[in-house]
């Protein structure tokens, strides 16, 4: 809140404050004489009142004087808002629970419905146990890399340090994240790691789904999501792709003080360049909601026509993973959810596309406005507080602790402070003039920065060898077999248990048109009847095609999915008798049927002779 005061009163207070500080520092107790005052700048001369010449100030006096005058000057015209620390903690925890609930609830639908609304009958039901599925979701653990960088290297860590830490991450990535990290590992330092010259996914959703942290640690301070977007969002996104994350972060920052969703959105809009297409999308959603506040499906169709079917809004777009279309679905859920957590998540999910990340963003913002005390118990009843998020050092208590630590540092750097009143800590947060990033267009980018990592920096980048890890997993599971073209989706590797089977190998196609291949060269005995036996499974919401080839010739193809398996598993036998006595190349292909949950689960691979 703003606390205006008359100039004379402030001046008198300033003189008293400085005198007190000087006496505290030197104990000299000199008087102070006001020489001149221009607007908010007060010049003070140290010396006896009425003296002809001012005394020469010691260095300590000068420091105290500067601090005191600056503090008083800042009080004139600076507006503060107050937030009890207990309320911050309540809302901050709710922000993370909202993300977890949204991503876990929407996960079975992710990218299964593109350019169409998910039928109401196909919307999964919420189960309290789902909340713990969020610990393995990239929607959460990737942004914790950024928190860890700031925890270890400070808020002022360089963008190059941020890039090194991201390059060293061991989790699988896709789209802009993967392109940016690949650039970093190849020596292209930020900001060029996200430049469209080197990154073909600059407008993808990636930083949008990872920027929640930037507002959670900056309540009421929207310039920090902007700054942090320039540091961490710049690793993988450019233009609208980066603005998307800055906007999401600004919504969180606003949600600590505001609960009216259209106001939160309109306030956060100020944090991104008004000439960007992302800002245009936000303005459209606000206008379309005002025009038709009760029919979200009608608004969905307006979104589809403009942001999917109009070529003007497909420039530098990677299709359904574009930040604008998915950002529109986040706002669709927030606006038409009208403050109801279930309705918000359901609408953001049923809009389709990245239908786990979008409800995660929407629920995170909404739950922040609510605080954990108002979040329905079904979202927290069985939450495992001890489980760590995949690829991170944090469980829920550790995550909230590091967020509070960083929040206190941000508050101090922003000119705010923590005061104690009636036994309670209160955050005094300065109201900021928002300063958005400069406008840049991914389809018409500016020049590159020529940023390269130095040799010493490259020696600090020691990322995991995914291909080597997968080959070691295959060798343990099925000695003599090789793996190629395995993609990182769904965290491939050797699983201790899956759907009642132990020691299960998980593979995933490299891309939508490139299947993962397990192969082995072997000589079949001349006598007997050689036979290949497999036990294969699928992810509950997915399916895939099993292809068996001998010397490049396909001898079997079957779809492995819910309709073709028993309790998720299929026994497959392939006759190899025609190749008895020969050396053959045997290939097993995990071929995608689409691009949703295409993982193959291998419980057995054996060649037997009867």
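Residue numbers (the numbering used here): 6 to 615. C-beta atoms are modelled at their ideal positions from N, C-alpha and C, and glycine is treated no differently. Predicted model, so just to flag it, every value in this text is computed and none were measured.
The beta strand (DSSP E) spanning residue 418 covers which residue range? On the chain shown, residue 418 is found 413 positions in, with the first residue counted as 1. Here residue 418 belongs to no beta strand (DSSP E); instead the alpha helix (DSSP H) covers 401-418.
Going by the beta-carbon positions, is the gap between residue 397 and residue 530 smaller than 9 Å? Position 392 of the chain shown, counted from the start, is the residue given in the question as residue 397. Position 525 of the chain shown, counted from the start, is the residue given in the question as residue 530. No; because the gap between Cβ atoms is not below 9 Å, this pair is not in contact.
Do three or more CB pairs link the stretch 443-454 to the stretch 241-259 at distances below 8 Å? yes
Please report the residue range of the beta strand (DSSP E) in which residue 435 lies. Sequence index remark: in the chain shown, residue 435 carries index 430 (1-based). That run of the beta strand (DSSP E) goes 429-435.
Indicate the three-state DSSP secondary structure (helix, strand or coil) for residue 385 in the structure shown. For this step, residue 385 is matched to residue 380 along the chain shown. The answer is coil: DSSP assigns residue 385 none of H, G, I, E or B.
Suppose the cutoff is 8 Å on Cβ atoms and the five residues either side in sequence are ignored; what does the same chain contact list for residue 541 look like? Start at 1 with the first residue of the chain shown, and residue 541 comes out as number 536. Contacts found: 551, 565, 574, 575, 577, 605, 606, 607, 608.
Pick from 469, 486, 548, 590 that is closest to residue 600, judged by C-alpha positions: Residue mapping note: residue 600 aligns to position 595 of the chain shown, counting from 1. Closest by alpha carbon: 548.
Rounded to the nearest angstrom, what separates residue 318 and residue 208 at their Cα positions? Here residue 318 corresponds to residue number 313 of the chain shown, with the count starting at 1. Here residue 208 corresponds to residue number 203 of the chain shown, with the count starting at 1. Cα to Cα, residue 318 sits roughly 11 Å from residue 208.
Are the Cβ atoms of residue 102 and residue 136 separated by less than 9 Å? Here residue 102 corresponds to residue number 97 of the chain shown, with the count starting at 1. Here residue 136 corresponds to residue number 131 of the chain shown, with the count starting at 1. Taking 9 Å as the Cβ cut-off, residue 102 and residue 136 qualify as a contacting pair.
Simplified DSSP assignment, three categories, for residue 496: Here residue 496 refers to the residue found at position 491 of the chain shown. In this structure, residue 496 counts as coil in the three-state DSSP scheme.
Start-to-end residues for the alpha helix (DSSP H) that takes in residue 594: As a position in the chain shown, residue 594 is number 589, starting the count at 1. Looking at the DSSP string, residue 594 is not in any alpha helix (DSSP H); the run it does join, the beta strand (DSSP E), is 588-597.
Assigned exposure category for residue 72 - 16 Cβ within 10 Å defines buried: Reading the chain shown from its first residue, position 67 is the one you call residue 72. Confidence in residue 72 is poor, its pLDDT being 48 and thus under 50, which makes the residue's placement too unreliable to answer from.
Measure the alpha-carbon distance for residue 329 versus residue 285 and round it to whole angstroms. Taking the chain shown and counting its residues from 1, one reaches residue 329 at position 324. Taking the chain shown and counting its residues from 1, one reaches residue 285 at position 280. Approximately 9 Å between the Cα atoms of the pair.
Out of 555, 400, 528, 250, state which residue places its alpha-carbon closest to the alpha-carbon of residue 370. In the chain shown, the residue the question calls residue 370 occupies position 365. The candidate whose alpha carbon is nearest that of residue 370 is 250.
Rounded to whole angstroms, what is the Cα-Cα separation between residue 430 and residue 91? Numbered from its first residue, the chain shown carries residue 430 at position 425. Numbered from its first residue, the chain shown carries residue 91 at position 86. Cα to Cα, residue 430 sits roughly 8 Å from residue 91.
Please return the same chain residues whose Cβ sits closer than 6 Å to the Cβ of residue 363, not counting the five positions on each side in sequence. Here the question's residue 363 lines up with position 358 in the chain shown. Closer than 6 Å at the Cβ level, and outside the excluded window around residue 363, lie 331, 334, 335, 353.
Note down, in chain order, each residue of its chain lying with its Cβ closer than 6 Å to the Cβ of residue 182, except the 5 sequence neighbours on either side. Within the chain shown, residue 182 is the residue found at index 177, counting from 1. Excluding sequence neighbours, residue 182 sits near 211, 241.
Any idea if residue 226 is buried or exposed, counting beta-carbon neighbours within 10 angstroms, 16 or more meaning buried? Reading the chain shown from its first residue, position 221 is the one you call residue 226. The residue is buried, with at least 16 neighbouring Cβ atoms inside 10 Å.
Taking the CB atoms as reference points, tell me whether residue 216 and residue 233 lie closer together than 9 Å. Along the chain shown, read from residue 1 onward, the residue named residue 216 stands at position 211. Along the chain shown, read from residue 1 onward, the residue named residue 233 stands at position 228. In contact: residue 216 and residue 233 (Cβ atoms closer than 9 Å).
Compute the Euclidean distance between the alpha carbons of residue 264 and residue 374, then round it to the nearest angstrom. Numbered from its first residue, the chain shown carries residue 264 at position 259. Numbered from its first residue, the chain shown carries residue 374 at position 369. Roughly 5 Å separates the two Cα atoms.
Could you tell me which whole beta strand (DSSP E) segments of length 3 or greater appear in the stretch 110-150? none
Buried or exposed: which applies to residue 534, given that a residue is buried once 16 or more other Cβ atoms fall within 10 Å of its Cβ? Taking the first residue of the chain shown as position 1, residue 534 is located at position 529. Exposed is the call here.
Bridge partners for residue 491 per DSSP, in chain order? Within the chain shown, numbered from 1, the residue matching residue 491 stands at position 486. BP columns for residue 491 point to 514.
Relative to the alpha-carbon of residue 324, which residue among 100, 481, 281, 119 has its alpha-carbon at the smallest distance? What you label residue 324 is simply residue 319 of the chain shown in a count that begins at 1. Measuring from the Cα of residue 324, the nearest candidate turns out to be 119.
Sequence-distant residues of the same chain with beta carbon closer than 7 Å to residue 414, five excluded per side: Translated into the one-based positions of the chain shown, residue 414 becomes position 409. Same-chain partners within the cutoff: 160.
Own chain residues within Cβ distance below 8 Å of residue 200, not counting five before or after: Here residue 200 corresponds to residue number 195 of the chain shown, with the count starting at 1. Counting only Cβ-Cβ distances below 8 Å, and skipping sequence neighbours, we find 207, 243, 450, 453, 454.
Pairs of beta-carbons, one from the stretch 293-311 and one from the stretch 253-264, closer than 8 Å: are there three or more? no
Within the stretch 167-210, ranges of the alpha helix (DSSP H) (whole runs, at least 4 residues): 180-190
Taking 7 Å as the limit between beta carbons, can you name the residues of its chain near residue 260, skipping five residues before and five after? The sequence position of residue 260 within the chain shown is 255, counting from 1. Only 269, 370, 373, 374 meet the Cβ criterion.
In chain order, what residues of the same chain have a beta carbon less than 7 Å from the beta carbon of residue 98, not counting five sequence neighbours either side? Counting from one through the chain shown, the residue named residue 98 turns up at place 93. Cβ neighbours of residue 98 beyond the five flanking positions: 377, 405.
Can you give the Cα-Cα distance for residue 387 and residue 394, rounded to whole angstroms? Position 382 of the chain shown holds residue 387. Position 389 of the chain shown holds residue 394. The straight-line gap from Cα to Cα measures roughly 16 Å.
Assign residue 149 to one of two classes, buried (16 or more other C-beta atoms within 10 Å of its C-beta) or exposed (fewer than that). Locating residue 149 in the chain shown gives position 144, counting from the first residue. Residue 149 should be labelled buried.
Under 8 Å, with one C-beta from each stretch per pair, do the stretch 480-497 and the stretch 506-515 reach the 3-pair mark? yes
CA nearest to the CA of residue 384, picked from 347, 367, 392: For the purposes of this step, residue 384 is taken as residue 379 along the chain shown, with counting starting at 1. Here the closest residue by C-alpha is 347.
By alpha-carbon positions, which one of 171, 320, 116, 89 ends up nearest to residue 465? The residue labelled residue 465 in the question sits at position 460 within the chain shown. Cα-wise, what sits closest to residue 465 is 171.
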